[in-house]
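Accompanying notes for the structure given below.
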Amino acid sequence: MSESYQSVKNFIRAQILEPGLSVNTLEKINPAPDQIENEFISLGWRFEDIPGETSKFPKRRIMSPNNRLRLLMRKSLVYRHPESVNAICRSKDLTRQYLENNGVQVPRGQAFDHDEMPRACELIQSAPGPFVVKPSDAAGSHGVTLGLETLEQLEKAWNEALTHAREGSKILVEEFVAGMDVRAYVTGDTVVAAAARLQPFVVGDGKSNLVELIKASRQRLKNHAYWKRNPATARWKFLEARGYSKTSVPAQDEIVIINPYIVLRYGSSIVDITDIIHPGIKEIAVKAAHSIPELEVAGIDLLVTDINDPTTARVLEVNTAPGPSMHKFATYGKTRDVELDVVAYFHSQFLDTLVPKERRQFESKLAREKRYASLKKKIRGGVSRLRRGRDSHSKRGR
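In the UniProt record's numbering, the protein residues as written are 1 to 398.
This is the structure we're talking about:
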């Protein structure tokens, strides 16, 4: 299994260590929902509360300036697709079928009912490993076991998957694809951001042991408001299986993966690769999003051995509610406000509903309103400064 992470290590060396990238600095986290609302309002859209919405994060309705388009918003998610789209993408097995029907490459594998472990054993014995076992409705890596190769490991992984599987779901047994996890954020026909999600790692200096290296890696995140809340977390059983212990001293520049999972709360690193990933991989991501009817904004998860080679890419999942955080708060490289790309996409859909005369009138009206708002802001600023000057003069007079 050690070679399974070689592509990740190659990427870390080529895209982080050799260019000398340092962790981004972030003083304050700007909530994406606020930015979305402000941007829509500046474009003439309006928000409406939905009667009867009592959840912690209630849905709101967003209306286009001419009321022809109606969107829904919950937290930082803006959409107009029906609930059936969410149902498809919640099921990894069903998503897999839609992807395969559209000619999208996915890891080889099979779905089994909860009582079909004997059939899964036959698959393990007849195909080369290693394998991944997970519930078809898994979220956040819950119930997922990576890299198993024996029947004994399958039984343990199967039971782990069952503890997290809902009634009526399936257990998926898939080939373990050696590669790097990539998230592509798709709006319409465009990948507006792509990021490599790396397992937590440390780099040896030939002097420090693993505990000291992990502590130092956490210290480097102290100036990043988002990532300092999600420090790198080691899985010592995973490390011990690879010959490491807490007292191990990795060699100079030796890259050590300390946790097999890319879950953000475990301290995985995010590297923006939007400008360097092969266009063919972006095309695969868009094709995957289009495989699900009526889905317009999606987070496509891929495993990629080489970001310059589309033939090494396999699509794992299609997410209907992709969070913007990994792109907004990337650990390394550019940060991207993908939520504003979503606003721009839906606003362009609205503009397409207008005939040329209507579009000219709307854009002229919007420009006038923006100039007026800017003028009001300047006037308020001038009045405020004038008042402060008068107050200061009055105090001096006393």
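Ideal placement from N, C-alpha and C gives every residue a C-beta, glycine not left out.
Residue interval of the alpha helix (DSSP H) (run including residue i)
| i | result |
| --- | --- |
| K28 | Where K28 is concerned, there is no enclosing alpha helix (DSSP H), given that its DSSP letter is neither H nor E. |
| T312 | Careful: T312 lies outside any alpha helix (DSSP H) and carries neither H nor E. |
| R94 | What sits at residue 94 in the sequence shown is Leu, not Arg. Here the alpha helix (DSSP H) through L94 covers 92-101. |
| N10 | 6-12 |
| N230 | Note, N230: premise wrong, no alpha helix (DSSP H); not H, not E. |
| residue 400 | In the structure as shown, the chain begins at 1 and stops at 398. Residue 400 is therefore absent and cannot be evaluated. |
| I214 | 210-219 |
| Q35 | 32-42 |
| V286 | 279-290 |
| Q15 | Segment: none, Q15 is in no alpha helix (DSSP H) and carries neither H nor E. |
| L264 | That residue, L264, is in no alpha helix (DSSP H); it is neither H nor E in DSSP. |
| V342 | 338-351 |
| S126 | 117-126 |
Cross-strand partners of residue i (DSSP beta bridge)
| i | result |
| --- | --- |
| Q110 | V173 |
| I255 | V203 |
| E48 | R61 |
| R70 | M63 |
| E180 | Reading off the sequence shown, one finds Met at residue 180, where the question assumed Glu. Partner(s): V304. |
| A196 | V182, V271 |
| V318 | I300 |
| Y332 | V271 |
| H224 | L26 |
Buried/exposed call for residue i, threshold 16 Cβ in 10 Å
| i | result |
| --- | --- |
| D275 | exposed |
| G131 | Residue 131 is actually Phe in this sequence, not Gly. It is buried - the Cβ of F131 has at least 16 other Cβ atoms within 10 Å. |
| Q15 | buried |
| Q219 | exposed |
| K207 | exposed |
| Q199 | buried |
| R108 | exposed |
| W236 | exposed |
| N24 | buried |
| L9 | Rather than Leu, the amino acid found at residue 9 in this sequence is Lys. The residue in question, K9, is buried, as its Cβ has 16 or more Cβ neighbours within 10 Å. |
| F201 | buried |
| Y185 | buried |
| P356 | exposed |
| K328 | buried |
| F57 | exposed |
| P51 | exposed |
| K282 | buried |
| G280 | exposed |
| D137 | buried |
| D341 | buried |
| E18 | exposed |
| P128 | exposed |
| E240 | exposed |
| R197 | buried |
| T190 | exposed |
Contact belief for residue i with residue j at Cβ below 8 Å, rounded distance in angstroms
| i | j | result |
| --- | --- | --- |
| S169 | P135 | 5 Å |
| S76 | A32 | 4 Å |
| A195 | I270 | 5 Å |
| P322 | A298 | 6 Å |
| G179 | T54 | 43 Å between Cβ atoms; not a contact. |
| N102 | S268 | So it is not a contact: roughly 29 Å between Cβ atoms. |
| D272 | G333 | 3 Å |
| E160 | G147 | That pair is no contact at about 13 Å. |
| M73 | R183 | No, M73 and R183 are not in contact; Cβ-Cβ is about 21 Å, not under 8 Å. |
| F112 | I171 | 5 Å |
| R80 | R70 | 7 Å |
Residue i, enclosing beta strand (DSSP E) - first and last residue
| i | result |
| --- | --- |
| I300 | 297-304 |
| residue 408 | Nothing about residue 408 can be reported from this structure: the residues present for the chain run from 1 to 398 only. |
| R242 | Counting along the chain, R242 falls outside any beta strand (DSSP E), and DSSP gives it neither H nor E. |
| D272 | 269-272 |
| K134 | 131-135 |
| T145 | 145-148 |
| Y79 | 77-79 |
Contact test: residue i Cβ vs the ligand FMN heavy atom, cutoff 7 Å
| i | result |
| --- | --- |
| G103 | With respect to the ligand FMN, the structure shown offers nothing to examine, as it has no ligands at all. |
Counting pairs of Cβ atoms below 8 Å between the stretch 274-286 and the stretch 159-179, do you hit three or more?
no
Are the stretch 299-314 and the stretch 222-229 in contact at 8 Å, needing three or more beta carbon pairs?
no
Just checking, does the stretch 307-319 make contact with the stretch 249-264 on the three C-beta pairs under 8 Å criterion?
no
Quick check: the stretch 118-128 against the stretch 145-156, are at least 3 beta-carbon pairs closer than 8 Å?
yes
Determine, using beta-carbon pairs with one atom in the stretch 31-49 and one in the stretch 331-348, whether at least three such pairs fall under 8 Å.
yes
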